[in-house]
DNA sequence: AACATCGCTGGAAGCGCTTCCAGTTTACCT
DNA sequence: AGGTAAACTGGAAGCGCTTCCAGCGATGTT
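Protein chains in written order, with this note's numbering: chain A, 462 to 798; chain B, 462 to 798.
Structure, rendered in structure tokens:
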């Protein structure tokens with residue numbers, strides 16, 4: 462089956478010959494360049510149609526020094542982490558935005574050392590026109606690699622130790638503040654928080670939002686435990702908080718997974734949610750609807766993140782100077798608070 | 462910041478010159494081709510090191526007619542569907558396998574007509590060396606597009622109306638049989654099934670497995686309702702089954718999401734699971750552990766699927782003739798049955 | 001009628017690499 | 001020492017496209 466037509470794709474030379482013009486003329490009509498007469502254009506266009514011509518990507522790339530490909534690099538130690546729906550949503554956003562262009566998406570899971578060196582190589586061999594980076598921890602070597610390659614680069618979320626020139630991030634600070642203020646508005650005062658890893662900017666920003674809201678309201682930040690954005694981490698943190706501050710009446714969890722873990726522990730401990738203790742999460746990527754009770758949470762639009770990153774990268778590649786953006790977050794009310 | 466070093470990457474010519482040899486000689490050492498003296502190799506290698514030379518991907522691609530890129534195309538009407546953890550797992554598998562090669566991964570969400578035509582174009586312009594296809598429904602236009610392009614192609618899961626020459630699939634039939642047999646072994650006899658869409662091969666295969674197991678055991682397939690692999694679909698199907706066959710004592714759901722929907726309806730209807738009615742799902746991609754009670758389900762290794770597809774494609778590109786594979790599935794016991 | 005101006009054209013020189021081929025050197029046999 | 005085969009070498013021709021440039025005839029200006 463699948464008779465592999467060995468028939469070669471026609472080349473520009475062949476098209477030009479058939480149209481009775483020079484190769485440069487043919488190239489001009491294909492690229493919609495000026496200086497081509499009506500007659501020439503028509504002839505070339507007919508030849509193209511008749512021969513089913515399509516310009517060879519590689520050849521064009523070599524001549525223009527543009528591959529028409531952008532990379533999305535996801536850096537993390539654990540490949541499993543990629544299974545987080547977060548990334549799928551980013552990809553959906555990126556893809557949607559790319560569809561408006563004629564760029565294609567190269568996906569790099571740069572976890573292992575091998576993956577990282579493959580990426581480095583890709584950048585230095587000019588395999589892509591630009592790159593989007595996600596999930597960088599601390600001082601990820603990727604940042605240096607990318608900087609050294611001198612390629613247009615945009616960051617999704619900010620790395621911890623430096624502020625990239627071009628990035629798009631969710632308003633983590635504002636979202637966390639929103640969540641905390643809501644709990645305060647509910648009349649809760651002994652509000653604790655389970656943070657994300659404090660070695661990440663997200664983790665820190667969301668924690669800061671909590672603190673700021675508390676202090677602004679004249680409350681003292683009641684207690685903090687560090688989580689790691691996972692359900693297990695959330696459960697562990699909740700246990701220790703319940704131990705140290707048994708009279709807590711609300712918890713702001715830095716992610717929905719964290720909140721899910723906390724929820725489980727609370728219920729097991731006989732607390733009723735939200736009556737006894739109110740819980741608010743962060744992310745709203747599906748988990749929030751599936752917990753029991755469903756989570757009140759801070760929604761961030763991850764698809765928008767992907768879309769904005771892409772738009773920004775496209776601008777950059779075109780030689781413009783976009784400015785970084787912070788995407789708004791909003792509170793979504795469900796049953797846990 | 463990020464001082465974009467405008468310094469051009471050195472070219473092979475420059476390396477050759479510095480090493481005092483011809484460009485062809487230099488090329489030979491880079492490609493580890495035979496017929497190069499020790500002296501030449503050393504000289505070239507030193508030059509490479511000193512200049513930090515890396516061969517330009519595009520130029521090489523043009524000369525060799527190989528891009529070093531393979532595509533993974535996901536076809537579906539709804540972009541949101543990509544958020545299903547299934548795809549993330551495939552990608553993890555694919556990436557892991559690619560890491561052993563020097564191929565890179567191009568991801569195509571070919572949902573819209575625009576996405577599809579972009580993909581067509583990519584294939585015809587020789588933008589990739591091969592392609593992996595997933596989530597094809599019925600007679601997806603993609604199959605024709607791909608066949609016409611005459612590129613190495615492997616399928617993940619079988620499309621409905623034709624058997625591709627190269628594919629890898631999970632043993633859906635066997636898995637469904639396993640699940641049903643287990644329910645039978647439990648002493649249940651009024652076992653119903655909620656299928657996937659019967660317009661897909663997966664849906665059909667899993668349904669067939671159920672029927673076969675029932676008949677082999679001398680039971681009559683008690684009742685069937687068509688679902689669509691979603692939780693909502695599962696819930697709807699469960700409701701109608703409960704109406705028409707209120708005495709059912711077990712259900713085999715063709716996916717975990719389906720099972721989750723069914724579970725909810727059963728509990729709401731006052732049935733206790735598994736005491737009153739036993740439930741088995743299919744997939745085991747996370748949801749199964751998060752339902753209440755946790756689902757007994759048929760596990761398929763989606764990462765392995767990705768890995769095998771990749772291996773197969775790599776073989777194909779190398780000019781070999783791999784043979785298709787069916788990956789085993791296994792029953793995972795939890796609390797719902 | 002003479003001149004500058006403009007749009008259009010094809011030739012040619014790349015882009016950076018691989019690979020064929022003929023020529024040269026070296027090594028090996030007898 | 002002479003002859004042959006093998007190992008090595010660099011020149012040159014691609015891969016398929018873009019783009020600069022000089023040349024061309026057809027307009028527009030005084």
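Glycine included, each C-beta is placed from N, C-alpha and C at the ideal position.
Given the structure is predicted, the values throughout are model-derived calculations rather than measurements.
| Query | Result |
| --- | --- |
| Helix, strand or coil at residue 571 of chain A [DSSP, three-state] | coil |
| Residue 547 of chain A (DSSP reduced to helix, strand or coil) | helix |
| Cβ of residue 688 of chain B within 8 Å of any chain A Cβ | no |
| Under 7 Å by beta carbon: chain B residues contacting residue 583 of chain A | 565 |
| Segment contact flag, the segment 607-617 of chain B with the segment 498-505 of chain A, C-beta cutoff 8 Å, min 3 pairs | no |
| Between the CA atoms of residue 709 of chain A and residue 686 of chain B - distance to the nearest angstrom | 48 Å |
| Option in A:780, A:579, A:722 and A:552 with minimal Cα separation from residue 755 of chain A | A:722 |
| Interfacial residues, the segment 551-563 of chain B to chain A, with Cβ spacing under 8 Å | 552, 553, 556, 557, 560 and 563 |
| Closer than 7 Å: residue 618 of chain A CB and nearest the ligand HEM heavy atom | Ligands are entirely absent from the displayed structure, and the ligand HEM is therefore not among its contents. |
| Cβ-Cβ separation, residue 657 of chain A to residue 689 of chain A (assumed contact under 8 Å), whole Å | 7 Å |
| Rounded Cβ spacing between residue 629 of chain B and residue 777 of chain B (contact assumed at less than 8 Å) | That pair is no contact at about 12 Å. |
| is_contact[residue 480 of chain A, chain B] using C-beta, thresh 8 Å | no |
| Sequence-distant residues of its chain with Cβ nearer than 7 Å to residue 716 of chain A (five each side left out) | 657, 690, 742, 743 and 744 |
| Contacting residues, own chain, Cβ-Cβ under 8 Å from residue 476 of chain A (five flanking each side not counted) | 487, 505, 508, 509, 512 and 514 |
| Ranges of the alpha helix (DSSP H) found wholly within the segment 559-619 of chain A, counting only runs of at least 4 | 574-585 and 602-610 |
| Beta-carbon neighbours of residue 548 of chain B, restricted to chain A and to distances below 8 Å | 549 |
| Minimum Cβ-Cβ distance from residue 540 of chain B to chain A less than 8 Å | yes |
| Three CB pairs or more closer than 8 Å across the segment 559-570 of chain B and the segment 576-583 of chain A | yes |
| Start and end residues, alpha helix (DSSP H) containing residue 643 of chain B | 633-646 |
| The alpha helix (DSSP H) enclosing residue 497 of chain A, as first and last residue numbers | Careful: residue 497 of chain A lies outside any alpha helix (DSSP H) and carries neither H nor E. |
| Chain B within 8 Å of residue 772 of chain A, Cβ atoms only | no |
| Residue 525 of chain B burial status per 10 Å Cβ neighbour count (16 or more: buried) | exposed |
| First and last residue of the uninterrupted alpha helix (DSSP H) at residue 664 of chain A | 662-677 |
| Assigned secondary structure, residue 704 of chain A (DSSP; H/G/I helix, E/B strand, else coil) | helix |
| C-beta atoms of residue 567 of chain A and residue 530 of chain A nearer than 8 Å | yes |
| In DSSP terms, what residue 687 of chain B is bridged to | B:656 |
| Own chain residues within Cβ distance below 8 Å of residue 465 of chain B, not counting five before or after | For residue 465 of chain B, the predicted structure reports a pLDDT of 44, less than 50, and the residue's modelled location is therefore unreliable. The matter cannot be settled from this model. |
| Candidates A:474, A:490 and A:493, of which the one nearest residue 484 of chain A by Cα | A:474 |
| Under 9 Å by beta carbon: chain B residues contacting residue 723 of chain A | By Cβ distance, chain B contributes nothing, its closest Cβ being about 15 Å from residue 723 of chain A, past 9 Å. |
| Among A:751, A:780 and A:627, the one whose alpha carbon lies nearest that of residue 595 of chain A | A:627 |
| Neighbour flag for residue 469 of chain B against chain A, beta carbons, 8 Å | no |
| Boundaries (first-last residue) of the beta strand (DSSP E) holding residue 720 of chain B | Here residue 720 of chain B belongs to no beta strand (DSSP E); instead the alpha helix (DSSP H) covers 717-729. |
| Contact under 8 Å by Cβ, residue 792 of chain B with residue 639 of chain B | yes |
| Whether residue 655 of chain A touches residue 698 of chain A by CB criterion (8 Å) | yes |
| Beta carbon proximity, residue 588 of chain A to chain B, threshold 8 Å | yes |
| Coil, strand or helix - residue 481 of chain A by DSSP | coil |
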